[in-house]
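Engineer:
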Amino acid sequence: MELVADETDAALSLRVNERALRQMLLNLISNALKFTPSGGRVRVGAGLEPEGGIRLRVSDTGVGIPDDKLTEALQPFRQLEAPFTHQYAGTGLGLAIVASLAGHFGARFDLQSTLGEGTTATLYFPSKRTVSEPQTDSGDPQS
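Per this note's numbering, the very first residue in the sequence shown carries number 22; after that it's consecutive.
1. Checking 7 Å against the spacing of the C-beta atoms, do V63 and L24 come in under that value?
2. Assess contact between the region 34-46 and the region 114-124, defined as three or more Cβ pairs (one per stretch) separated by less than 8 Å. Is contact present?
3. So within the region 47-94, which uninterrupted alpha helix (DSSP H) runs reach at least 4 residues, ignoring any that extend past its ends?
4. Just reading off the alpha helix (DSSP H) that V119 is part of, what are its end residues?
5. Can you tell me which residues form a DSSP beta bridge with R129?
6. For L136, which three-state DSSP category applies?
7. Under 8 Å: do the region 56-71 and the region 79-90 share three or more Cβ pairs, one atom per stretch?
8. Which of helix, strand or coil does DSSP assign to H107?
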């Protein structure tokens with residue numbers, strides 16, 4: 022399996038609880054790794070949105086989730102009942118925790134998937150959560 026970290030053009034900083042952010046990313050990355058077979062790819066990336074918010078994305082080439090099960094996948098203690106999911110252990114809390122924590126920080130959690138092709142989980146944090154870089158003093162007393 023290949024794990025790829027996309028490069029960003031700029032340093033991005035979020036104003037969120039570090040432990041909560043770590044938990045969200047851990048849940049998304051571990052799900053992607055769990056449901057991606059050998060030879061597949063998991064990609065992690067971040068970017069600045071046009072309105073100034075920050076996007077965090079985890080995508081995989083794993084088993085995917087049927088369209089009619091996406092909402093169910095976000096419910097606590099729900100493990101999707103399908104032949105391909107019975108082989109994977111878990112409590113069914115990972116995505117529900119991500120959705121709950123995202124809401125706490127005013128972020129939108131988007132889950133898109135195609136059965137047999139993979140899943141993309143994206144967190145969109147609003148611009149009020151983006152930390153602006155402090156202005157540096159140029160040394161010119163007129164500035």
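Where is the CB? At the ideal position from N, CA and C, for every residue including glycine.
Structural biologist: According to the data block:
1. Indexing the sequence shown from 1 puts residue 63 at position 42. Indexing the sequence shown from 1 puts residue 24 at position 3. Yes, they are a contact pair.
2. yes
3. 91-94
4. If you number the sequence shown from 1, residue 119 lands on position 98. Counting along the chain, the alpha helix (DSSP H) containing V119 begins and ends at G115 to H125.
5. Here residue 129 corresponds to residue number 108 of the sequence shown, with the count starting at 1. BP columns for R129 point to Y145.
6. In the sequence shown, the residue the question calls residue 136 occupies position 115. Three-state result, L136: coil.
7. yes
8. The residue given as residue 107 occupies position 86 in the sequence shown. Confidence is the limiting factor: at H107 the pLDDT is only 47, short of 50, which leaves the residue's position unreliable, though a coordinate-based value still follows. In this structure, H107 counts as coil in the three-state DSSP scheme.
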